[in-house]
Amino acid sequence: MNGLHGIIFSYEKEPGLRELVEKRMPGSIPFGGRYRIIDFMLSNLQNAGVTDVGIVLHGNYQSLLDHVGNGKTWDMSRKYGGLRILPPFADNRKYRSGQEFEGKMQALAGVRSYLEQIRQDYVVLADSDLIINIDLADVFESHLASGADITCVCTANYKQTSDATFFLLGADNKVAKTLCSPKKPEGYHCLEIYVLSKELLLRLVDECEAEEKISFRSDVLNGMGDKLDIRAYVFSGIAAQIRTVKEYYDRSMDLLQPRVYQELSTKARPIRAKEDDETPTYIAPESSCSNSLIADGCSIVGTVENCIIFPGVTVAKGATVKNSVLFKGVTIEENADVSYVIADKGVTVRRGGKLVGHESYPMAISKGSTI
Amino acid sequence: MKKECIAMLLAGGQGSRLYVLTENMAKPAVPFGGKFRIIDFPLSNCTNAGIDTVGVLTQYRPLELNSYIGSGQPWDLDRDDGGVHILPPYQSATGASWYKGTANAIYQNIGFVDMYDPEYVVVLSGDHIYKMDYAEMVAAHKKAGAACTIAVMEVPWSEASRFGIISVDGEDNITEFAEKPKEPKSNLASMGIYVFTWSKMREYLIADENNPDSENDFGKNIIPTMLNAGEKMIAYRFAGYWKDVGTLDSLWDANMDMLANGSGLDLFEHDWPIYGRSTSAPPAFLGKTAATHHSVITRGCVVEGEAENSVLSENSCIEEGASVQYSILMPGAVVKAGAKVAYAIIGENAVIGADAVVGSVPDGAEGWGITVVGPETRLPDKYELKANHMLSKNMKEVVR
C-alpha cells in the first residue's frame, strides 16, 4: 500500500514502570518471550505495506536504537525512504533532550522539516508502547471511506490505566467528546493511533506552534474538536498499553491463554523481532515444563510453570520457576525457587536462592543483578 | 576485486538416499536440528572463518535452496564486494551442459573464480554437519606450500572402507588416496573438504575436462591425478564433530546427536554460531498438558502432548494426547490428537492424522528401520505407517 506514512513516538512516560525502564524506554521493554514492544507497531506498519517510517525519539533511547538498527527486520532498510530515526535536534529550542517530553505537537514541530519531506499523502501516528496486532490497511481504508479529518483507533475493552484518553461517540462513530485522563473511565479508550492527511498534520503543527500548544489529545482532539471531523475506528481485538509493573506482569500472563498469543502474532500478520540467532531450546529428561512460552536458546533442566521465557535462559537442575517472566540471558541456578518475579536481562539467581513475589505485587529485578 | 581465498560449495546433488525428503528439494536445503538447513553449516563456517565470497553450485531442484539463500543476509554474506552467489549451469557460446561431476561444476565456473583472482579456493560439500575453521586449514595449506590440502579425520577401522581413505607419511604428506578401498591401508578418511592453490587447480581442471575418460570428479579424478603428478598434497587433521547426512539413518542420527551429551555436536556454543534464515514465529508454547523431555523445541512450536528424545522444529505441533518419541518433526509438521510417532522423520508441513501410528520402537525384528513421512504429506486419521516404510505426498507407500 502506498499513500500512508508511519510516525512512531517513543518517549518516557509514567514512572510506574520502575525497574523495567531504568535503562530503556517503554518501547524497548522486552515482551512476550522475544519481542520489544515497539516490534508490534513496526510490524503492523510493515504488514499494512507502509515502507516509510519515522521514529520520534525522546529520552533514554540507546536501547531502542540498538534494537531497531537500520530497520532491516521490518524490511525498512531501503534505498529510498525506509526507517528514519528522529532524535531531538540540538538546535531546536522548544524540543530538545535534557528536558521532559511535553507533547506530540511540540515534538512534531521539532521535526517539521522531516514532515515536509514525507512522500505520502497520509500519515499514521502511533505510540511505541502499544501491544496490538491491528490491520492498519483497514484503518486507512476506513479513514478514506469516511472522509474524516482525523481517524482515531479506540477500543471498548480497556484494562487500564492512568493517563488515558477516552472518547464519547456520536452518530457515524463521530467523536463527540474527548476526555483526557478522566478520573473515571467512560466511553471508548483511545489507543493513540491516528490517521490524517499530511497536509492537515502540517497545518496543525504550525497552528499549535504559533499558539504554543503542545499536545495532540488536549490541544487538537479536544481543543479543535468542534472544527474538525474526528471519527473513531473501533478495534475489537487485544490491545494493551503498559504503564505499571503490575500491568506489564498481567498482560504478560495473559499471553498464556493460547487465544491471546495466537491473535498477537498470526501467519497473515506476523510480528517480527530482531533475529537472535539462537539455537533451539533444550529441555532435559528430568525437566517439567508446562503452560509456558519459551523462546530459543534456553536450557531447561528444572521445573517451569506459567512462565514467559526469553532467549538464552538457563533453569538449572532442581530449580523451580513459576508465574514469572525471565528476560534474555537470565540464569536460575540449582535448587533456586522463583515465583511471581520479572527478572530483567542477565539476572542470576544463585544456587538455592529464593525469590518470591506476590501476584498482586510481582517483584521486578533490575538488569544484571545477582541474587 | 582480488580475494585471497574464496569458497565453492557443491550443492547440486540430488541426495537420492534421502528419498522422499529430497523429492522436491536439493539435499543442502533439507531442514536440520530444529531451525537450520544442512547448508547453514558450511555457510556459517565460511562467515565465521572470514571467507566472504562463496559460490554455491546448484543443479538439482534449486528453487527451495535459491529462495533460502536469497541475498545471503542471514549469514552476513550480502556483500557489495563478494558475498554469496548461486551458480547454476548456464549456456555458453559453445553450448550448454549440466554439471557432469564435482570437478566439472567448478570447471564451468572458472570465469566466476577468476573474477576474484584468489590465491586459494576452498571446496566444500553441502551435506555435512560440522563446525570447522577453514581459515586454520588455509593457513596450514599456505605454510606447507601445498597444491592441495584435504581435511581428514580418523574413523574406526571397521568403517574405513566406506570412505575415501588417505595414507600419509610422517609429516602428513599424502602418499596414497583410495576411494572406498576393500582393504584400507589407513583409517584417515577424507571429509570432502579441500583447499587448492587456484593456479594449480585451474590447470588440473582444464586438463581433466580435456580427458574424455574422466568422470570429472574430485575424489575419482582430480585428486589421484595430482598425486600421480607429484604435487605437494597434505592432510589436515580434524578432530571435532563431523557427519555426512546423506542417508536417512545418518540424518536421523545427527539430529539425535544434538540431544546426546558428549556427541560433540554442541550448537549452544556462542563463539562459533550457526546462522540460518528463520521465520518470525512467536516463542514455543508448552501447554498445560505438555510433557516434554530430553527434546529440543523451537520458535512457533505448540506442544500439548508428549515429546521424548525428539527434535521439534519451527512451527511444529503436537496435539493433546499425541506422543512423539525419538523422532524429528521438521518445520510446520503437525501430529494430531492421539497419534503415535516413534523413530520417524516427519517432513515439512506434513500432517499426521488423529490416532495414526507412525513407526515403531526397534524390537530386533528383521527389516526394522526409521519411518519417513515426506514433506506436505497428509496422513489420514488412524493410518498405520510401519517401521522402515516411507510415504510421500502422492500417498505412495514404499519400503526402503
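Chains as they are written, first to last, in the working numbering: chain W, 2 to 372; chain B, 21 to 420. In this text, a Cβ means the ideal position worked out from N, Cα and C, and glycines have one as well. Quantities reported herein were computed from a predicted structural model and do not represent experimental measurements.
Looking at C-alpha atoms only, which residue of the options is the closest neighbour of residue i?
i	options	result
A274 (chain W)	W:N45, W:K24, W:V246, W:N61	W:N45
C181 (chain W)	W:E193, W:K175, W:G171, W:D173	W:E193
E147 (chain B)	B:C66, B:H314, B:V50, B:M350	Reading off the sequence, residue 147 (chain B) comes out as Asp, not Glu. Comparing Cα-Cα distances from D147 (chain B) to each of B:C66, B:H314, B:V50, B:M350, the minimum goes to B:V50.
S380 (chain B)	B:A359, B:A370, B:N369, B:R398	B:A359
I310 (chain W)	W:D164, W:M225, W:L294	W:L294
F168 (chain W)	W:A138, W:N223, W:K214	W:N223
S412 (chain B)	B:N44, B:G33, B:L30	B:N44
E248 (chain W)	W:Y12, W:S11, W:R19	W:R19
I26 (chain B)	B:T73, B:K205, B:A301	B:T73
Q47 (chain W)	W:K105, W:A172, W:V350, W:I9	W:I9
S14 (chain B)	B:P138, B:S87, B:A198	Residue numbering for chain B in the displayed model covers 21 to 420; residue 14 (chain B) lies beyond these limits and cannot be assessed.
M77 (chain W)	W:L66, W:V54, W:G4, W:G313	W:V54
L43 (chain W)	W:S198, W:P31, W:A365, W:V69	W:V69
N336 (chain W)	W:K329, W:L327, W:T315	W:T315
D401 (chain B)	B:V392, B:Y39, B:A374, B:D383	B:A374
A311 (chain B)	W:A149, W:V305, W:S300	W:V305
K406 (chain B)	B:Y136, B:R398, B:N369, B:E417	B:E417
V322 (chain W)	W:K346, W:P312, W:G347, W:S288	W:S288
D237 (chain B)	B:I372, B:Y403, B:G184	B:G184
Can you check whether the C-beta of residue i is within less than 8 Å of a C-beta belonging to chain W?
i	result
E340 (chain B)	no
S315 (chain B)	yes
P302 (chain B)	yes
P400 (chain B)	no
A155 (chain B)	no
L287 (chain B)	yes
K310 (chain B)	A quick correction: the sequence has Ala, not Lys, at residue 310 (chain B). By this cut-off, A310 (chain B) is an interface position.
T318 (chain B)	yes
For residue i, go through chain W and note every residue whose CB falls closer than 7 Å to its CB, in chain order.
i	result
I170 (chain B)	Those do not exist, as I170 (chain B) stays about 30 Å from chain W at its closest Cβ, beyond 7 Å.
Y295 (chain B)	D278
S298 (chain B)	E276
Which term fits residue i, buried or exposed, when burial requires 16 or more other beta carbons within 10 angstroms of its beta carbon?
i	result
L83 (chain B)	exposed
A91 (chain W)	Annotation note: pLDDT 48 at A91 (chain W) (below 50); position unreliable, coordinate value reported separately. It is exposed - the Cβ of A91 (chain W) has fewer than 16 other Cβ atoms within 10 Å.
V419 (chain B)	exposed
D134 (chain B)	exposed
N134 (chain W)	buried
N248 (chain B)	exposed
Y362 (chain W)	exposed
T267 (chain W)	exposed
D374 (chain W)	This structure cannot speak to residue 374 (chain W), because chain W is shown only from 2 to 372.
R1 (chain W)	With chain W running from 2 to 372 in the structure shown, residue 1 (chain W) is simply not present.
L41 (chain B)	buried
P382 (chain B)	exposed
S114 (chain W)	exposed
T332 (chain W)	buried
G369 (chain W)	exposed
Applying a beta-carbon distance threshold of less than 9 Å, which residues of chain W neighbour residue i?
i	result
L306 (chain B)	I284, C290, S291, N292, S293, L294, I295, V305
G54 (chain B)	T280, P281, T282, D297
S1 (chain B)	No answer is possible for residue 1 (chain B): the residues shown for chain B start at 21 and end at 420.
Chain B beta carbons: is any one of them nearer than 8 Å to that of residue i?
i	result
R260 (chain W)	no
I9 (chain W)	no
R35 (chain W)	yes
I272 (chain W)	yes
S367 (chain W)	no
S266 (chain W)	yes
Closer than 8 Å by beta-carbon distance: list the chain W residues that pair up with residue i, in chain order.
i	result
S109 (chain B)	The sequence as given places Pro at residue 109 (chain B); Ser does not occur at that position. Here the premise fails: no neighbours, minimum Cβ distance about 32 Å.
S336 (chain B)	Those do not exist, as S336 (chain B) stays about 11 Å from chain W at its closest Cβ, beyond 8 Å.
Starting from the beta carbon of residue i, find every residue of chain B whose beta carbon is closer than 7 Å, and list them in chain order.
i	result
S325 (chain W)	Result: empty, since nearest Cβ-Cβ is about 15 Å, beyond 7 Å.
Is there at least one non-hydrogen atom of the ligand ZN closer than 7 Å to the beta-carbon of residue i?
i	result
S237 (chain W)	The ligand ZN is absent from the structure shown, which contains no ligand whatsoever.
Original post:
Just checking, does the region 270-288 of chain B make contact with the region 235-250 of chain B on the three C-beta pairs under 8 Å criterion?
Top reply: Flag = no, the region 270-288 of chain B and the region 235-250 of chain B do not touch.
Subject >> Touching by the beta-carbon criterion (3+ pairs, under 8 Å), the region 317-325 of chain B and the region 336-343 of chain B >> reply: With a cut-off of 8 Å, the region 336-343 of chain B and the region 317-325 of chain B count as touching, because enough Cβ pairs lie within range.
Original post:
So does the region 145-155 of chain W actually touch the region 59-69 of chain W, counting three or more Cβ pairs closer than 8 Å?
Top reply: Segments in contact, no.
Original post:
If we count Cβ pairs, one from each stretch, closer than 8 Å, do we get three or more for the region 217-237 of chain B versus the region 123-131 of chain B?
Top reply: The region 217-237 of chain B, when compared against the region 123-131 of chain B, does touch it at the 8 Å Cβ threshold.
Original post:
Would you call the region 269-284 of chain W and the region 50-67 of chain B in contact, with 3 or more CB pairs under 8 Å?
Top reply: Verdict: yes, contact present.
Original post:
Between the region 215-222 of chain W and the region 102-118 of chain W, do at least 3 Cβ pairs fall closer than 8 Å?
Top reply: In short, these stretches touch, since the Cβ pair count reaches three.
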